[in-house]
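As numbered in this note's numbering, residues 274 to 608 make up the sequence shown, in order.
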Amino acid sequence: MVSLNIRHLRAIKIIEKNLKLQNLNLSGLTILTEVGSNNYLYTPIIAALANAKHVYAWTRDTVYGKGEVIKKECLEIAKALGISGKLTVEVNSTSADHIRTADIITNSGFLRPINAKFLEAVNEKCVIPLMYEAWEVRASDIEIEACKQKNIRVAGTWENHPSIRVFDSVGQLSVKLAHDAGFEVVQNNIIIWSDDHFGEIAHRAFIDAGASSVISTVDVDEFYDNVGQADFVYICDYDETRPIFGSKGLISIEKIKKLNNALGVVHLYGDIDVEFLKSNDIFVHPQKRGRPSVMTESLAYLGPQPAIALQVAGFKVAESMCKNEANELVQRLTY
Numbered sequence: 274m275v276s277l278n279i280r281h282l283r284a285i286k287i288i289e290k291n292l293k294l295q296n297l298n299l300s301g302l303t304i305l306t307e308v309g310s311n312n313y314l315y316t317p318i319i320a321a322l323a324n325a326k327h328v329y330a331w332t333r334d335t336v337y338g339k340g341e342v343i344k345k346e347c348l349e350i351a352k353a354l355g356i357s358g359k360l361t362v363e364v365n366s367t368s369a370d371h372i373r374t375a376d377i378i379t380n381s382g383f384l385r386p387i388n389a390k391f392l393e394a395v396n397e398k399c400v401i402p403l404m405y406e407a408w409e410v411r412a413s414d415i416e417i418e419a420c421k422q423k424n425i426r427v428a429g430t431w432e433n434h435p436s437i438r439v440f441d442s443v444g445q446l447s448v449k450l451a452h453d454a455g456f457e458v459v460q461n462n463i464i465i466w467s468d469d470h471f472g473e474i475a476h477r478a479f480i481d482a483g484a485s486s487v488i489s490t491v492d493v494d495e496f497y498d499n500v501g502q503a504d505f506v507y508i509c510d511y512d513e514t515r516p517i518f519g520s521k522g523l524i525s526i527e528k529i530k531k532l533n534n535a536l537g538v539v540h541l542y543g544d545i546d547v548e549f550l551k552s553n554d555i556f557v558h559p560q561k562r563g564r565p566s567v568m569t570e571s572l573a574y575l576g577p578q579p580a581i582a583l584q585v586a587g588f589k590v591a592e593s594m595c596k597n598e599a600n601e602l603v604q605r606l607t608y
């Protein structure tokens, strides 16, 4: 009998709590999803524990881990839980047969892009949960028009449903990123580069964490007027596709250094050239390239609870679509 370490035991406990909370039941349904590193290791485990008929999970080698290592760890968890017979893990390859037999295909990283070519193999009864809010849908992830043409039902998940309030975790993620960057937040002066819901949640979280002042803006002049007293700028503008800094950026490094040569940059969303900032002696965290509309660190950075709660809710959206049942979590994009 394989024994699980404390990390896995806690994750399973959180999964079971959320399965019960959402009354998730995938009986008779075949799932195609991913298995990733860290807290995304549990995605296929969630589906199997929710009584799925079978779960196909794709993975591959990335900077976060080797596919074979991820597969081995996932199957060890499944064996300990007595569900290994329900899982098939594919490493560094894909299978049209998996696509054809799936009743539910999650819009997950290792399955993307879910484009017209991918959809050629999808059966007409299949549903696709985005596994995030409908307004966050990205054309690079999934081609909604191609789904409409094939009558494939697609829906997002209401992340701040009262039963889960996952989106509120963005505030805690913002504070954690700032702390990990070395900023106290307490008595700090903070500029948030955002005018969307992510910025609103971060603003409230920084105030609640004891910041002296927090200014949210995407106005360059307002930024320059206030940057002199700022401890750090928090970049979390979901929709902005232009570079934030650089020769073609929205914000001039030369002006920053004249106004505040001790300013730090913390980022969640946005085109952030980390190497450019470092070469100009600007402190930046996380030290990884920032991308428009893609989280630099996901909610899994906080721990398993928000990531698992969102995964379970996403599967509940899929179940509701399969069974044609009304559910407040469901944010339909196609019908």
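We put the beta carbon where it would ideally sit given N, CA and C, even for glycine. None of the values given here were measured: they were computed from a predicted structure.
For asparagine 380, tell me which candidate among Leu606, Thr306, Glu513 and Ile545 has the shortest Cα-Cα distance. Start at 1 with the first residue of the sequence shown, and residue 380 comes out as number 107. If we check each option's Cα against that of asparagine 380, Thr306 comes out closest.
Grab me the residues of isoleucine 488's own chain with a C-beta within less than 6 Å of its C-beta, minus the 5 sequence neighbours each way, in chain order. Locating residue 488 in the sequence shown gives position 215, counting from the first residue. So the qualifying residues of the chain are Ile464 and Asn499.
Is there contact between the stretch 540-560 and the stretch 511-529, where contact requires at least three CB pairs shorter than 8 Å? yes
According to DSSP, is glutamine 604 part of a helix, a strand, or is it coil? Your numbering for residue 604 matches position 331 in the sequence shown. Looking at glutamine 604 - three-state DSSP - the assignment turns out to be strand.
Which of the three DSSP states, helix, strand or coil, is assigned to methionine 274? Walking along the sequence shown from the start, residue 274 turns up at place 1. Note on methionine 274: pLDDT 49, under 50, position unreliable in the model; the coordinate value appears next. If DSSP states are grouped into helix, strand and coil, methionine 274 belongs with coil.
Arginine 477 lies in the alpha helix (DSSP H); which residues open and close that run? As a position in the sequence shown, residue 477 is number 204, starting the count at 1. 470-481 is the extent of the alpha helix (DSSP H) around arginine 477.
Helix, strand or coil: which one does DSSP assign to leucine 292? Position 19 of the sequence shown, counting from 1, holds the residue named residue 292. Three-state result, leucine 292: helix.
Please list the segments of the beta strand (DSSP E) lying wholly inside the stretch 353-437, counting only runs of 3 or more residues, in order along the chain. 360-364, 400-402 and 426-430
Write down every uninterrupted run of the alpha helix (DSSP H) in the stretch 285-342 whose length is 4 residues or greater and which is fully enclosed by it, in chain order. 316-322
In terms of residues, what are the limits of the alpha helix (DSSP H) holding asparagine 461? The residue you call residue 461 lines up with position 188 of the sequence shown. Taken as a continuous stretch (DSSP letters only), asparagine 461 belongs to no alpha helix (DSSP H), as it is neither H nor E.
As assigned by DSSP and simplified to three states, the class of cysteine 595: Residue 595 sits at position 322 when you count from the first residue of the sequence shown. Here cysteine 595 sits in helix by DSSP.
Given a threshold of 16 other Cβ atoms within 10 Å of its Cβ, counted over all protein chains shown, does glutamate 363 qualify as buried or as exposed? Within the sequence shown, numbered from 1, the residue matching residue 363 stands at position 90. Looking at its Cβ environment, which holds 16 or more other Cβ atoms inside 10 Å, glutamate 363 is buried.
Look up serine 566 in the DSSP assignment and say whether it is helix, strand or coil. Along the sequence shown, one-based indexing puts residue 566 at 293. Serine 566 falls in the coil class under three-state DSSP.
Can you look up valine 439 in the DSSP assignment and give me helix, strand or coil? As a first step, residue 439 must be located in the sequence shown, where it is residue number 166. Looking at valine 439 - three-state DSSP - the assignment turns out to be coil, as it is neither helix nor strand.
Identity of the residue in Leu446, Ile437 and Ile401 nearest alanine 612 by Cα: Because the chain here runs from 274 to 608, residue 612 falls outside it and cannot be looked at.
Beta-carbon spacing of isoleucine 318, alanine 351 below 8 Å: To locate residue 318, count along the sequence shown from 1; it is residue 45. To locate residue 351, count along the sequence shown from 1; it is residue 78. Going by C-beta atoms, isoleucine 318 is nearer than 8 Å to alanine 351.
Which residues DSSP lists as bridging isoleucine 524, in chain order: Taking the first residue of the sequence shown as 1, we reach residue 524 at position 251. In DSSP, isoleucine 524 forms a bridge with Phe518.
So, valine 603 versus valine 585, is the Cβ gap smaller than 8 Å? The count along the sequence shown starts at 1 and reaches residue 603 at position 330. The count along the sequence shown starts at 1 and reaches residue 585 at position 312. Contact: no.
Measure the beta-carbon distance from valine 609 to alanine 482 and round it to whole angstroms, keeping in mind my assumption that it falls under 8 Å. With the chain covering 274 to 608 only, the question about residue 609 has no answer from this structure.
Given glycine 340 as reference, the closest of Lys449, Ala407, Asn311 and Ala320 once Cα atoms are compared: By 1-based counting over the sequence shown, the position of residue 340 is 67. Closest option to glycine 340, Cα to Cα, is Asn311.
Please classify glycine 537: does DSSP put it in a helix, a strand, or coil? Here the question's residue 537 lines up with position 264 in the sequence shown. Three-state result, glycine 537: strand.
Between the Cα of isoleucine 279 and the Cα atoms of Pro577, Glu598, Lys596 and Ala599, which residue gives the shortest distance? Here residue 279 refers to the residue found at position 6 when the sequence shown is read from its first residue. For isoleucine 279, the nearest C-alpha among the options comes from Pro577.
Can you tell me whether phenylalanine 456 is helix, strand or coil according to DSSP? Counted from its first residue, the sequence shown places residue 456 at position 183. Coil.
CA-to-CA distance, isoleucine 480 to phenylalanine 496, given in whole angstroms: Position 223 of the sequence shown holds residue 496. Position 207 of the sequence shown holds residue 480. Cα-Cα distance, rounded: 18 Å.
Taking the CB atoms as reference points, tell me whether leucine 606 and valine 410 lie closer together than 8 Å. Numbered from its first residue, the sequence shown carries residue 606 at position 333. Numbered from its first residue, the sequence shown carries residue 410 at position 137. In this structure, valine 410 lies closer than 8 Å to leucine 606 by Cβ.
Between serine 581 and the rest of its own chain, which residues show a CB-CB distance below 8 Å, the 5 nearest in sequence each way excluded? For the purposes of this step, residue 581 is taken as residue 308 along the sequence shown, with counting starting at 1. According to the sequence displayed, residue 581 carries isoleucine and not serine. Closer than 8 Å at Cβ, skipping near neighbours: Ala284, Ile287, Ile288, Asn291, Asn312, Tyr315 and Ile319.
With a 10 Å radius around its C-beta and 16 neighbouring C-beta atoms as the bar for buried, classify glutamate 601 as buried or exposed. Your numbering for residue 601 matches position 328 in the sequence shown. Burial call: exposed.
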